[in-house]
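Participant: My questions all concern the structure below.
Residue numbers (the numbering used here), protein chains in the order written: chain R, 27 to 134; chain S, 766 to 1157.
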């Protein structure tokens, strides 16, 4: 089963911040982790993750640093900041309220 | 050589991102991602080396997985849309207006207006200069400033002039107050030189310490206490923000502090201002704030609010920047304006016991070269905010 991309769009920042709250990751790793944890349901256009990360960085919710991963390959690692954790807390509350409201309307 | 599908794709993505400074970072990140994808896709296919057609096919698959170039480019453009620091521009505009209005009363509006225009030109020029170019110029600026100071002190009548015991540099009929100017130039140079101090060799670190202390020793040796204090405070701020090691900052603090303490101890202090006893020339330089407040309380309050606001605003912007070099540069600028504004307010209002010689209230006091350099620093600060999302 696949989900409507529009449904995913509004919650990508929350998903990204949630994953980064667990450990620092690079872009490709984030996408694979998202696919794995959602059982393949959340499949992003891979490039679109980066503008989201850059926007979060501009808002000081995440910070990034280039460093060598396995072997000689340079990777840009993203980690969550204190401001990012606070934003995530807010987003989780918003999501919970939004989900309850949708459930009430859709399922009665 | 023929351009690959991935190169064409990256070019198209970047064509939608207006902020050119960020192009290299985006290209690097997407290329790294494409390499990861390529490795993954190859592992799913034949273990044999791929031929030209297969490599092209894999490139096409990568491009498809990355998503539409135009959409991606527009999303990057939104994330990196250049922002202008209007608050900073307004604060400086207010100070300039009050300063120029005061100069009108002293009959100096034409000359100061001309210097302000020259300063605005410098501001615009430095706003667009890339940080990497500024940083590369650090050592050169340090050496040139050092030579100019030495020339003005020991260069003979054709290049040096002394007014009230202060050395000036004579250039084609212009008298440049090189001591005050050199504080800013040295600080600007050290912002670049102090980067990654902890990773340097012991000899290089000792050289940096000497390079940081030498101007301070020079100021105090020449009897310029205020520039010495200003330089000391600004350099400490630079070292703290540049991430210098604790032992380096402590050594500088102790040695510089001892130098300052031994000089300041012998100086007289003034704790109150009686404008009627202030000489004419000092009313539009050292005592400009008192003069402005004396002629109009509204302008005085406006100048004080804008001056303090400018310092707080610059300091609050420091942590918004990603580049360590730009952070250091902005912290130095905030410290420089902070000491100047605070010193002027205390000495002009008689609240604090601080010496009143050689104090400039940024953008208010009369003075050409300082106006140009101060506006140049604002240009760098505005440019730094515009590039706040850049790592280096």
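All C-beta atoms, glycine included, are put in the ideal place defined by N, C-alpha and C.
Please determine, among 1150/S, 979/S, 830/S, 982/S, the residue with the shortest C-alpha to C-alpha distance to residue 1085/S.
Facilitator: Residue mapping note: residue 1085/S aligns to position 320 of the second chain, counting from 1. Closest by alpha carbon: 1150/S.
Participant: Once you ignore the five residues that flank residue 1033/S on each side, which residues in its own chain have a CB closer than 6 Å to its CB?
Facilitator: For the purposes of this step, residue 1033/S is taken as residue 268 along the second chain, with counting starting at 1. With a pLDDT of 42 at residue 1033/S, under the threshold of 50, the modelled position of that residue is not reliable, and the figure given next carries that caveat. There are no such residues.
Participant: Report the CB separation of residue 78/R from residue 39/R in whole angstroms; it is logged as a contact under 8 Å.
Facilitator: Here residue 78/R refers to the residue found at position 52 when the first chain is read from its first residue. Here residue 39/R refers to the residue found at position 13 when the first chain is read from its first residue. Right, their Cβ atoms sit about 6 Å apart.
Participant: From residue 1078/S to residue 853/S, what does the alpha carbon distance come to, in whole angstroms?
Facilitator: Reading the second chain from its first residue, position 313 is the one you call residue 1078/S. Reading the second chain from its first residue, position 88 is the one you call residue 853/S. One C-alpha to the other measures close to 7 Å.
Participant: So, are the CB atoms of residue 883/S and residue 1137/S less than 9 Å apart?
Facilitator: Here residue 883/S refers to the residue found at position 118 of the second chain. Here residue 1137/S refers to the residue found at position 372 of the second chain. A contact, by the Cβ cut-off of 9 Å.
Participant: Do the CB positions of residue 958/S and residue 1016/S come within less than 9 Å of each other?
Facilitator: Residue 958/S sits at position 193 when you count from the first residue of the second chain. Residue 1016/S sits at position 251 when you count from the first residue of the second chain. Not closer than 9 Å, so no.
Participant: Tell me the start and end of each unbroken beta strand (DSSP E) in the stretch 895 to 972 of chain S that is at least 3 residues and wholly inside, in chain order.
Facilitator: Complete beta strand (DSSP E) runs here, min 3: 925 to 928, 931 to 936, 939 to 941.
Participant: Assuming contact is defined by CB atoms lying nearer than 9 Å, are residue 53/R and residue 102/R in contact in what I supplied?
Facilitator: Taking the first residue of the first chain as 1, we reach residue 53/R at position 27. Taking the first residue of the first chain as 1, we reach residue 102/R at position 76. Yes; because the gap between Cβ atoms is below 9 Å, this pair is in contact.
Participant: Per the DSSP calculation, residue 102/R is bridged to which residue(s)?
Facilitator: In the first chain, counting from the first residue as 1, residue 102/R sits at position 76. Looking at the DSSP assignment, residue 102/R forms a beta bridge with 92/R.
Participant: If you reduce the DSSP assignment to three classes, tell me which class residue 52/R lands in.
Facilitator: As a first step, residue 52/R must be located in the first chain, where it is residue number 26. The answer is strand: DSSP assigns residue 52/R an E or B state.
Participant: How close, in whole Å, do the beta carbons of residue 996/S and residue 981/S come, if the pair is a contact with beta carbons under 8 Å?
Facilitator: Within the second chain, the letter at position 231 stands for residue 996/S. Within the second chain, the letter at position 216 stands for residue 981/S. Residue 996/S to residue 981/S, Cβ: 6 Å. Contact.
Participant: When the Cα of residue 1059/S is compared with those of 1020/S, 1113/S, 1098/S, which residue comes out closest?
Facilitator: Here residue 1059/S corresponds to residue number 294 of the second chain, with the count starting at 1. For residue 1059/S, the nearest C-alpha among the options comes from 1113/S.
Participant: Could you check what DSSP says for residue 998/S in three-state terms: helix, strand or coil?
Facilitator: Here residue 998/S refers to the residue found at position 233 of the second chain. Three-state result, residue 998/S: helix.
Participant: Can you name the residues of chain S whose CB is closer than 9 Å to the CB of residue 125/R?
Facilitator: What you label residue 125/R is simply residue 99 of the first chain in a count that begins at 1. Neighbours of residue 125/R on chain S: none; closest Cβ ~26 Å, over 9 Å.
Participant: Compare the C-beta of residue 768/S with all C-beta atoms of chain R and state if any pair is closer than 9 Å.
Facilitator: Translated into positions along the second chain, residue 768/S becomes position 3. Judged by the 9 Å Cβ criterion, residue 768/S is not in contact with chain R.
Participant: Where does residue 879/S sit, in a helix, a strand or coil, going by DSSP?
Facilitator: Numbered from 1 along the second chain, position 114 holds the residue referred to as residue 879/S. Residue state, collapsed to three classes: helix.
Participant: Is it the case that the stretch 901 to 909 of chain S contacts the stretch 944 to 955 of chain S, given that we only count it when at least three CB pairs across the two stretches are under 8 Å?
Facilitator: yes
Participant: Which of the three DSSP states is assigned to residue 1113/S in this structure?
Facilitator: Here residue 1113/S corresponds to residue number 348 of the second chain, with the count starting at 1. Helix.
Participant: Counting only Cβ-Cβ distances shorter than 8 Å, please list the residues of the stretch 795 to 808 of chain S near chain R, keeping chain order.
Facilitator: 795, 797, 798, 800, 801, 802
Participant: Measure how close the beta-carbons of residue 858/S and residue 1002/S come, nearest whole angstrom, since I'm counting them as under 8 Å.
Facilitator: To locate residue 858/S, count along the second chain from 1; it is residue 93. To locate residue 1002/S, count along the second chain from 1; it is residue 237. Actually they are not in contact, since the Cβ atoms of residue 858/S and residue 1002/S sit about 25 Å apart, beyond 8 Å.
Participant: Check the Cβ-Cβ distances between residue 86/R and every residue of chain S, and say whether any is below 9 Å.
Facilitator: For the purposes of this step, residue 86/R is taken as the residue at position 60 of the first chain. For residue 86/R, the answer is yes, since a Cβ of chain S falls inside 9 Å of its Cβ.
Participant: Between the stretch 938 to 948 of chain S and the stretch 873 to 890 of chain S, can you find at least three pairs of beta-carbon atoms closer than 8 Å?
Facilitator: no
Participant: First and last residue of the alpha helix (DSSP H) that includes residue 777/S?
Facilitator: To locate residue 777/S, count along the second chain from 1; it is residue 12. Element bounds for residue 777/S: 770 to 780.
Participant: Which class does residue 1007/S belong to by DSSP, given the choice of helix, strand or coil?
Facilitator: Locating residue 1007/S in the second chain gives position 242, counting from the first residue. Coil.
Participant: Since residue 934/S and residue 913/S should fall inside the 8 Å C-beta cutoff, what is the C-beta to C-beta distance between them, to a whole number of angstroms?
Facilitator: Here residue 934/S refers to the residue found at position 169 when the second chain is read from its first residue. Here residue 913/S refers to the residue found at position 148 when the second chain is read from its first residue. The pair is a contact, with the Cβ atoms about 6 Å apart (cut-off 8 Å).
Participant: Would a C-beta distance cut-off of 9 Å place residue 1108/S and residue 1006/S closer than the cut-off?
Facilitator: Walking along the second chain from the start, residue 1108/S turns up at place 343. Walking along the second chain from the start, residue 1006/S turns up at place 241. No, these two residues do not count as a Cβ contact at 9 Å.
Participant: Pair every Cβ in the stretch 1100 to 1107 of chain S with every Cβ in the stretch 1063 to 1082 of chain S, then say whether three or more of these pairs are closer than 8 Å.
Facilitator: yes
Participant: With distance defined between alpha-carbon atoms, name the residue in 795/S, 805/S, 847/S nearest to residue 786/S.
Facilitator: Within the second chain, numbered from 1, the residue matching residue 786/S stands at position 21. Measuring from the Cα of residue 786/S, the nearest candidate turns out to be 847/S.
Participant: Is the stretch 793 to 810 of chain S close to the stretch 829 to 842 of chain S, with three or more CB pairs under 8 Å?
Facilitator: The stretch 793 to 810 of chain S, when compared against the stretch 829 to 842 of chain S, does touch it at the 8 Å Cβ threshold.
Participant: Consider the Cβ of residue 836/S: report whether some Cβ of chain R lies at a distance smaller than 9 Å.
Facilitator: For this step, residue 836/S is matched to residue 71 along the second chain. Answer yes: the Cβ-Cβ gap between residue 836/S and chain R drops below 9 Å somewhere.
Participant: Between the Cα of residue 879/S and those of 917/S, 1134/S, 1142/S, spot the shortest distance and give me the residue it belongs to.
Facilitator: Residue 879/S sits at position 114 when you count from the first residue of the second chain. Ranking the options by Cα distance to residue 879/S, first place goes to 1134/S.
Participant: Since I believe residue 104/R is in contact with residue 50/R (beta carbons under 8 Å), could you give me their beta-carbon distance rounded to a whole number of angstroms?
Facilitator: Within the first chain, numbered from 1, the residue matching residue 50/R stands at position 24. Within the first chain, numbered from 1, the residue matching residue 104/R stands at position 78. Between residue 104/R and residue 50/R the Cβ distance is about 6 Å, and since that is below 8 Å, they are a contact.
Participant: Suppose you measure from the CA of residue 918/S to the CA of residue 984/S; what does that come to, to the nearest Å?
Facilitator: For the purposes of this step, residue 918/S is taken as residue 153 along the second chain, with counting starting at 1. For the purposes of this step, residue 984/S is taken as residue 219 along the second chain, with counting starting at 1. As the crow flies, the alpha-carbon of residue 918/S is around 11 Å from that of residue 984/S.
Participant: Would you give the residue range spanned by the alpha helix (DSSP H) that residue 80/R belongs to?
Facilitator: Walking along the first chain from the start, residue 80/R turns up at place 54. Run containing residue 80/R: 75 to 84, per the alpha helix (DSSP H) assignment.
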